[in-house]
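Q:
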Amino acid sequence: MSWLHLAVLLPLIFSILIPTLYRFYKRIHLGWFVLPIPVVLFIYFLSYIKLTMSGHYTEQSVSWMPQIGMNFDVYVDGLGLLFALLITGIGSLVVLYSISYLNQEEQLGHFYCYLLIFMSAMLGVVLSDNLLILYLFWELTSFSSFLLISFWRHKEKSLYGAMKSMMITVLGGLSLLGGFILLYIATGSWRIREIISQVDLIQTSPIFILAMIFVIIGAMTKSAQFPFYIWLPDAMEAPTPVSAYLHSATMVKAGIYLVARLTPIFAISEGWIWTVALFGLITLFWGSFNATKQLDLKGILAFSTVSQLGMIMSMLGIGAVSYHFEGSESQLYVAAYTAAIFHLINHASFKGALFMITGAVDHATGTRDIKKLGGLMTIMPISFTLSIITALSMAGVPPFNGFLSKEAFLESVIEVTHAHIFSLNTLGILFPILGIVGSIFTFVYSLKFIYEIFLGDYQPDVLPNKAHEASALMNISPIILSLLVIVIGLFPSLVAAPLVTPAARAIANSNSIHAEFHLWHGITPALLSTIVIYIIGALLFFTSKHWVGALRKMPEYLTLNYWYNQTGRYSPYYATQITRTYMTGYNRNNLVIIFFTMILLTFVTLLFAPFSINLENVSPVRTYEAISVITISIAAVMIVFARSRLFSIIMLSAVGYSMAIFFIFFNAPDLALTQFVVETISTALFLLCFYHLPNISRYNESVKDKVGNIVISVGVGLVVIALGLIAYGNRHFTSISEFYKKHVYDLAEGKNMVNVILVDFRGTDTLFESAVLGIAGMGIYTLIKLRAKHKNGYERVEKIEQTEK
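Residue 805 is where the sequence shown ends in UniProt numbering, and the numbering goes up by one at each step.
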């Protein structure tokens, strides 16, 4: 295993150690022990910048399951490195922030364990070159984010938000898995770079469009694109460090990473360009529009995150147009990739800071309700200053970094209307319209964020806590991010060459890209659009009292949340009703359904599939074998007509012992001995439980039930006979028993073939069977302990009540 593999797994390894450390050492905040992990990883990944700037990459592979192509392949290029630096860099600042945000009374061992698992999962997603491994880490992000969002599990809203995020992202993950499988079917490889190298083969495959749809759905659910965005606002019930980490730089960016990584495969498709770009712009508009009417600070940031993610996604869709042109004309649309990557960095900086400022305000005042906030400018001057910098950057105001990427975005949506393909020069007018309108509302909610917290009237009487400035430790992380907002805005070349250019080259699959950003581009359509955004946005902000109230009166049934909740409310009812039609609690019905399905599928298959029965080499039936068959038949029939439970047990044992005699006839003494032991134990258990067995009540069965029993019994018998005869007469391969006979001594060094098969050749199967028994045993033991605990609790309560009386 290489250092690169270790870097991916390091947080996961420490996630096992951290809870143990917390249990035995609580004098120092656990965050100080966790902080070195992301810091060390950030420094380690910085060492790859020189490599990716030169246009090279590095890869490492560990063979895991080579038979199915599932190997731990990691790959660092410009795109993967950018995300790795965001994950570890923002992760370091989040851990530092959490030290002051979470007190020692919280379950810190659990919190940092979940956080480290999530960090490792995200690193695995962005650095994996194997689709199966990528999917494994992808689902691990959903699982760990569920744990983080529901960290305050005593809050009903936290559990609701965690469950909603899990449901939507996991369903999207299943869609993604379907897309990955289709890509494998088309190419025969799970490695992303090998798949990209066979792009011509994929694009001519009949499953190309289906694979593209599945991948888009998976990416859109994770990155909260319309209409799947509804999980993200409810996920804000998590602690603020979680929100700052998941929703500014990591989890919600996973879908964006996937679209960027797989763009070389799907960019040739008109459907990819229109779907990714148009849904991204719709998400931009819808998210910014809804952010203006929120009363909760985190609600504003949640919908602003949805909006900004839509902006980045749309630029990736527009950039795909470059794959249809060459030379200078292609460079016009490649600029959308550099804009997307640049805004990805900028969004992580200003949005991470805004979440931390919101957490500081909530920590200091005890509320996030904007109706109670206001006038905190003089009380929290540091937070106010940081909010001015980061919120104006989000609004796209110079000289902050958000202005540069917003200008690049506007240039992209305007430029794409000149492309003479896929009706972009006609219907493409929707792109700049949605982009400009969405940016107007972005300007409005950014100003609203500043005004509602720090300006206006101070209301100390309605605040749960006395307002005060956040601690110095709590302010360090947002100060660092705010400085990045300023520095990148003034000197964009600091990130353009080392980060943006290599990442954009990986998306465009070209080394001819050079990212450049400038505060002044002259009088351009993008600048004129920006002026329009500022003017209309300011007018809407100053008149917001006259129109925001109307937005809040929107009927609930017009929202996607309403239909999600209705589905969650009624689907269990209908599912229960459907389940009750076949799960009646009566074992006979269950067996009828199982056996009838088996009979139906078998005979339908035999009806349409060719088969043959060859009885040439069938051995003759010997007299004692016939006697054993007659004995088994008589015993089985007697069970059906038995009126005594004891007599049924004896007849059932007769069937089992007669089968053991067959094994003796066929020279299998080990199997016979095993059958004798099992049958003896089963009979003994039946007799031990005889007193508790229910009375036989088959006398109440109707004629319909009896006829049904006969039909099912005869049908099952015929199916087994047919399958046995077909299998005997159609042997296409040498029996595996020959392999066991040949290698039982030299490979396993054993003398008992049955034991060798169970322990060596089928050792994994036996291991898992034992594991299942062990897990079941632990579950039974736990239930018994809980029952005893509750019983003791009830006894104590009764004694207390008697004492009081």
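Even for Gly, the Cβ is constructed at its ideal location relative to N, Cα and C.
Note that the coordinates shown come from a computational prediction; the quantities given were computed from them, not determined experimentally.
Rounded to whole angstroms, what is the Cα-Cα separation between G179 and G271?
A: Rounded to whole angstroms, G179 to G271 spans 15 Å at the Cα level.
Q: Using the rule of at least 16 other Cβ atoms within 10 Å of the residue's Cβ for burial, across every protein chain shown, is I216 buried or exposed?
A: buried
Q: Considering only DSSP beta bridges, list what E59 is partnered with.
A: Y75
Q: Once the 5 residues before and after F289 are set aside, which same chain residues still bring their CB inside 6 Å of it?
A: F441
Q: Quick test of your reading: residue 833 and M380, contact by CB under 8 Å. State the CB separation rounded to the nearest angstrom.
A: Here the chain comprises residues numbered 1 to 805, so residue 833 is not present and cannot be evaluated.
Q: Along the chain, where does the alpha helix (DSSP H) that runs through W190 open and close?
A: Careful: W190 lies outside any alpha helix (DSSP H) and carries neither H nor E.
Q: Quick one: what's got a C-beta closer than 7 Å to T417's C-beta in the same chain, skipping five residues either side?
A: L424, N425, G428, I429, F431 and P432
Q: Residue range of the alpha helix (DSSP H) that residue 808 falls in?
A: Residue numbering for the chain in the displayed model covers 1 to 805; residue 808 lies beyond these limits and cannot be assessed.
Q: Starting from F733, trace the alpha helix (DSSP H) both ways and give me its first and last residue.
A: Run containing F733: none; DSSP gives neither H nor E here.
Q: Would F137 and A162 be called neighbours here (beta carbons separated by less than 8 Å)?
A: no
Q: List the DSSP bridge partners of S128.
A: Looking at the DSSP output, S128 shares a beta bridge with V74.
Q: Pull up the CB-CB distance for H679 and G656, whole angstroms please, since I reckon it's below 8 Å.
A: Correcting the residue identity first, residue 679 is Glu in this sequence and not His. Sure, about 4 Å apart at Cβ, within 8 Å.
Q: Mapping the DSSP letters down to three states, classify M1 as helix, strand or coil.
A: Here M1 sits in coil by DSSP.
Q: Taking 8 Å as the threshold (C-beta atoms), are F355 and A395 in contact?
A: no
Q: Got a sec? Which residues, its chain only, sit under 8 Å from S387 by beta carbon, not counting five neighbours each side?
A: L354, I357, F449, I450, I453 and F454
Q: Alpha carbon to alpha carbon, how far is D457 from K157?
A: 30 Å
Q: What would DSSP say about A7, mapped onto helix, strand or coil?
A: Look at A7 here: in three-state DSSP terms it is helix.
Q: Return the Cβ separation of L30 and L108 in integer angstroms, given the expectation that the two are a contact with Cβ distance under 8 Å.
A: 4 Å
Q: Taking all protein chains shown into account, do 16 or more other C-beta atoms lie within 10 angstroms of the C-beta of V707, making it buried, or fewer, making it exposed?
A: exposed
Q: According to the neighbour-count rule (16 or more other Cβ atoms, all chains shown, within 10 Å of its Cβ), is V629 buried or exposed?
A: Exposed, since its Cβ has fewer than 16 Cβ neighbours within 10 Å.
Q: So L434 and I282 are supposed to be a Cβ contact under 8 Å. How far apart are they, rounded?
A: 7 Å
Q: CA-CA distance, F647 and M659?
A: 19 Å
Q: Tell me whether D296 sits in a helix, a strand or coil according to DSSP, three-state version.
A: strand
Q: Determine whether the Cβ of M313 lies closer than 8 Å to any Cβ atom of chain D.
A: Checking the listed chains, one finds no chain D in this structure; it contains a single protein chain.
Q: Inspect the beta-carbon positions of F143 and P233 and report whether they are closer than 8 Å.
A: No, the pair does not count as a contact, with Cβ atoms beyond the cut-off.
Q: Around the Cβ of I523, are there at least 16 other Cβ atoms within 10 angstroms (buried) or fewer (exposed)?
A: With a threshold of 16 other beta carbon atoms within 10 Å, I523 falls short and is exposed.
Q: Answer yes or no: do L102 and F111 have a C-beta to C-beta separation smaller than 8 Å?
A: yes
Q: Should L132 go down as buried or exposed, given a rule of 16 or more other Cβ atoms within 10 Å for buried?
A: Its Cβ being crowded by 16 or more others within 10 Å, L132 is buried.
Q: If V62 sits next to L127, beta carbons under 8 Å apart, how far is it from one beta carbon to the other, in whole angstroms?
A: About 13 Å; that fails the 8 Å criterion.
Q: In the structure shown, what three-state DSSP assignment does M122 receive?
A: helix
Q: List, from N- to C-terminal side, the alpha helix (DSSP H) runs of 4 residues or more that fit wholly inside the stretch 357-433.
A: 381-395 and 401-415
Q: Distance, Cα to Cα, T623 vs F665?
A: 11 Å
Q: Grab me the residues of F662's own chain with a C-beta within less than 7 Å of its C-beta, minus the 5 sequence neighbours each way, in chain order.
A: Residues of the same chain with a CB within less than 7 Å of the CB of F662, apart from the 5 flanking positions on each side, are S628 in chain order.
Q: With DSSP collapsed to three states, give me the class of M65.
A: strand
Q: Who are the Cβ neighbours of V199 in its own chain at under 6 Å, not counting the five residues just before and after it?
A: I265
Q: To the nearest angstrom, how far is the alpha carbon of L176 from that of M166?
A: 15 Å
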